[in-house]
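K.L.:
Take a look at this one; I'll ask things after.
Below, the structure written as structure tokens:
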């Protein structure tokens with residue numbers, strides 16, 4: 001695939017840690033893109049036109065009009081999008097197998113653990129209608145364990161896989177919320193140093209600001225929003 005992009009990529013997005021992964025990557029690579037807001041508090045993720053490209057009713061998702069062989073392609077799941085854009089541009093995703101395996105390991109670590117567990121920590125510490133001590137302790141402790149894993153990985157490294165990569169982009173939006181996750185960043189000095197380094201990148205700063213005016217400072221606050229986000233069953 002060519003890294004030259006004539007038509008902008010459509011990014012279906014809401015300003016959350018998962019959405020930021022993709023805006024950061026797009027800003028880092030310089031690919032042109034259009035933001036299509038998906039208001040997850042109002043249920044935009046369940047609209048048929050969005051489900052056609054993201055059947056798991058989760059943002060982000062992209063539609064690249066200049067995909068393989070010049071034909072459009074849609075991609076859902078933030079990790080898959082990062083890999084796709086890395087292959088498309090040849091940036092921030094190694095081409096050698098050993099380097100790519102390392103990045104994939106830590107990307108999947110974020111997708112399978114660091115993101116979901118921190119998300120559960122947010123839920124039970126902040127959003128759950130009743131405070132359940134067992135659940136709060138369970139996920140706060142697991143978040144602490146995961147920060148410890150990351151801290152050990154970053155010992156002697158500037159970035160998670162030595163060179164800056166999509167693994168860093170996947171993790172930084174979640175890690176910057178350490179305080180609301182009940183963590184003390186001083187306990188993890190390598191993570192703190194890495195956070196400062198990554199957050200100082202101009203493209204990261206731009207990516208984190210994309211559509212920030214749409215983000216409610218109060219978070220998920222109304223009963224209607226909580227019902228949409230936390231009360232869904234199979235449809």
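Residue numbers (the UniProt record's numbering): 1 to 235. Even for Gly, the Cβ is constructed at its ideal location relative to N, Cα and C. Here the structure is a predicted model, which means the values were calculated and not measured.
1. Run through DSSP, which three-state label would residue 61 get?
2. Please classify residue 75: does DSSP put it in a helix, a strand, or coil?
3. Expressed to the nearest angstrom, what Euclidean distance is found between the alpha-carbon atoms of residue 154 and residue 48?
4. Mind checking whether residue 11 and residue 60 have CB atoms under 8 Å apart?
5. Check whether the Cβ atoms of residue 8 and residue 211 lie closer than 8 Å to each other.
6. Please report how far the alpha carbon of residue 1 lies from the alpha carbon of residue 80, in whole angstroms.
7. Taking 8 Å as the limit between beta carbons, can you name the residues of its chain near residue 185, skipping five residues before and five after?
8. Starting from residue 34, follow its DSSP beta bridges and name the residues at the other end.
9. Please list, in chain order, all residues of the same chain as residue 86 whose beta carbon is under 6 Å from its beta carbon, the five residues on each side excluded.
10. For residue 146, collect the residues of the same chain with a Cβ closer than 8 Å to its Cβ; drop the 5 residues on either side in sequence, then sort them by chain order.
11. State the Cα-Cα distance for the pair residue 29 and residue 202, rounded to the nearest angstrom.
12. Along the chain, where does the alpha helix (DSSP H) containing residue 108 start, and where does it finish?
13. Would you mind stating whether residue 204 and residue 172 have Cβ atoms separated by less than 8 Å?
P.N.:
Put simply:
1. strand
2. strand
3. 42 Å
4. yes
5. no
6. For residue 1, the pLDDT reaches just 45, beneath the cut-off of 50, and the residue's location in the model is therefore unreliable, although a value from the coordinates is still provided. Roughly 16 Å between the two C-alpha positions.
7. 178, 179, 191, 192, 195
8. Answer by DSSP bridge pairing, in chain order: 10.
9. 92, 93, 166
10. These residues qualify, in order along the chain: 113, 114, 117, 118.
11. 12 Å
12. 97 to 109
13. yes
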